[in-house]
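Worksheet for the structure shown next.
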Amino acid sequence: MPERRLPTIVVLATGGTIAGAQAEAATHAYRAGALDVGQLLAAAPALAQLAHIQAEQVTSVGSQNMTHAVWADLARRVEALSRNPSVDGIVVTHGTDTLEETAYFLSLVIRHDKPLVLVGAMRPATAPGADGPANLFHAVALAGRAEAAGRGPLVVMNEDVHYAREVQKVACAGVNAFASPNRGRAAVMRGPAVHFFSRNDSVHSTASEFSLEMLDKAGWPRVEVIHAGVDLGSDLIDFLATRVQGIVLAGVGDGNATDVAMQALARAMANGVAVVRSSRTGSGHVGRNVEVDDDAAGFIAAGELSPQKARILLMLGLSKTQNSTQLQDFFDRY
Ligand code: ASP
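This is the structure:
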């Protein structure tokens, strides 16, 4: 039998629970990002049957502490590796808390079509039944498959594969914590094989019009989220409007809030702060001019994007324009 050429996969490690260690296996407490990439790979010896692995430690943080500076480093490293003809695919190990944000950000700023897979784990590496080694196995297998190319960053967790735009952490515990609530999973892993269900129809990677250079030039516009609920007042919104270039409303239902909060958001808009309405519900599509008169206030409707992803797209959008019609166009297309 002819020898199968193994792909070369670069694993970029950033920390998270996948690299988490407990002081004692019988306790629930652990520290994210305690193990380095060499220790992660050593725990998954079957990887050697899948690929030639090169490993780099980009940072070691719990992803609640992910930063724009690390995003920039990561994006530049992925770009450079994707131009290297000897690299077939790239895997990023990441904490699960903000994994969906890093995946979506990368999908919008890097231009390449090599397989790029982000992966994490819900149980620390030292826990009984740690899910990290299996997830890493699937991530490396996926990054070595031709079918994974040209789809933007993919996220693999618990044998499921998700597109960056769709994926969401939907539970704070348990290995089945990730879903793609609006459009469904991209694929499933069966051992090292992948079965795709759908194409990625969103604009990503090769076609995105955003870039790190643009963000650097614009100083990474600051955007924050206001979470709506019963009797939300206006004071926090008025305060925020003095500090940021953009506000995302994590609104009730279809991106809504109390009358006083909506009036404060309209004031912010009139003072040059871009306001995006999204939903706190976890899925669905926030459309224009349904319950709220977006045309009158100049608001932007987030469509299917979660508040945390709307925050990223608004930051990128503001690096190009402050025009709300153009910003709405980004939300309609990305
Ligand atoms: N706090 C951890 C992190 O995001 C949780 C995890 O990785 O599951 O890094």
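If you want this note's numbering, it's the 1-based position in the sequence shown plus 12. Where is the CB? At the ideal position from N, CA and C, for every residue including glycine. Keep in mind the model is a prediction, meaning the values are calculated, not measured.
- Using a cutoff of 6 angstroms, the CB of residue 76 counts as near the ligand ASP, since one of the ligand's heavy atoms is closer than that.
- Taken from the Cβ of residue 108, at least one heavy atom of the ligand ASP lies inside 6 angstroms.
- Under DSSP, residue 172 takes part in a beta bridge, and its partners are 169 and 200.
- DSSP places residue 277 in the uninterrupted alpha helix (DSSP H) bounded by 271–282.
- Here the alpha carbon of residue 208 sits roughly 15 angstroms from the alpha carbon of residue 170.
- Ranked by how close their Cα comes to the Cα of residue 267, the residues 137, 88, 314 and 247 have 314 in first place.
- Residue burial is scored here from C-beta neighbours: residue 229 has fewer than 16 other C-beta atoms within 10 angstroms and is therefore classed as exposed.
- Sequence-distant partners of residue 203 (beyond 5 residues in either direction) whose C-beta falls short of 8 angstroms from its own C-beta, in its chain, are 153.
- Counting along the chain, residue 309 sits inside no beta strand (DSSP E); it lies in the alpha helix (DSSP H) bounded by residues 306–309.
- Under the DSSP definition of a beta bridge, residue 43 partners with 33.
- In the same chain as residue 71, and ignoring 5 residues on each side of it, the C-beta atoms closer than 7 angstroms to its own belong to 26, 27 and 82, in chain order.
- For residue 289, no alpha helix (DSSP H) segment is defined; the enclosing uninterrupted segment is the beta strand (DSSP E) at 286–291.
- Under the criterion of beta carbons closer than 8 angstroms, residue 233 and residue 331 qualify as touching, at roughly 6 angstroms.
- Pairing residue 327 with residue 256 gives a Cβ-Cβ distance that is not under 7 angstroms.
- Contact between residue 290 and residue 322 holds, since their C-beta atoms are separated by about 4 angstroms, short of 8 angstroms.
- Taken through DSSP and simplified to helix, strand or coil, residue 104 comes out as strand.
- Taking the Cα positions, residue 136 is about 17 angstroms away from residue 104.
- Pairing residue 144 with residue 160 gives a Cβ-Cβ distance that is not under 7 angstroms.
- By the Cβ neighbour-count rule, residue 333 is exposed, with fewer than 16 other Cβ atoms within 10 Å of its own.
- Within the chosen limit of 6 angstroms, the ligand ASP does not reach the beta carbon of residue 276 with any heavy atom.
- For residue 329, the enclosing alpha helix (DSSP H) starts and ends at 319–330.
- Residue 216 is positioned such that its CB atom lies no closer than 7 angstroms to that of residue 192.
- Taking the Cβ of residue 28 as the reference point, at least one heavy atom of the ligand ASP falls within a distance shorter than 6 angstroms.
- Here the alpha carbons of residue 274 and residue 86 stand approximately 37 angstroms from one another.
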